[in-house]
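Below: the structure, in structure tokens.
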Amino acid sequence: RYKSLQDIIAILGMDELSEEDKLTVARARKIQRFLSQPFDVAQVFTGSPGVQVPLEETIASFKAVVAGEYDHLPEAAFYMVGGIKEVVAKAERLAAAAA
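Per this note's numbering, the sequence shown runs over residues 22 to 120.
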């Protein structure tokens with residue numbers, strides 16, 4: 022669904038989407054960011070240590086994001102982290118820094 026909404030966003034902008042579609046886009050963008058997990062082989066390029074997240078945890082986290090359990094967290098918290106616990110911790114750090 023997100024793929025088809027991208028064209029609408031490019032032409033009309035996010036404001037023209039329904040609330041349901043805005044939620045779909047927000048969750049899809051969080052999932053895209055969540056896929057940016059730091060890998061061991063990239064440490065020399067990113068400076069961030071690699072993280073290995075068990076498959077079961079990754080699947081459960083994705084289901085939770087799609088179900089809306091993490092709608093309250095900012096998109097930035099999902100970028101370059103390992104598991105969902107790290108997402109929550111990063112969101113708390115971001116909130117503390119903004120306060």
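We put the beta carbon where it would ideally sit given N, CA and C, even for glycine.
Assigned exposure category for residue i - 16 Cβ within 10 Å defines buried
i	result
Gln51	One point to set straight first is that residue 51 is Lys, not Gln, in the sequence displayed. Classification for Lys51: buried.
Ala118	exposed
Val102	buried
Ala98	buried
Pro59	buried
Ser39	exposed
Between the CA atoms of residue j and residue i - distance to the nearest angstrom
i	j	result
Gly104	Val46	21 Å
Glu107	Val74	11 Å
Gln27	Val86	19 Å
Leu56	Gly89	17 Å
Glu37	Val65	42 Å
Ala116	Asp61	28 Å
Beta-carbon proximity of residue i to residue j, cut-off 8 Å
i	j	result
Pro95	Ala112	yes
Terminal residues of the alpha helix (DSSP H) in which residue i lies
i	result
Ala85	Leu76 to Ala88
Gln73	Looking at the DSSP string, Gln73 is not in any alpha helix (DSSP H), and its letter there is neither H nor E.
Phe66	Gln64 to Thr67
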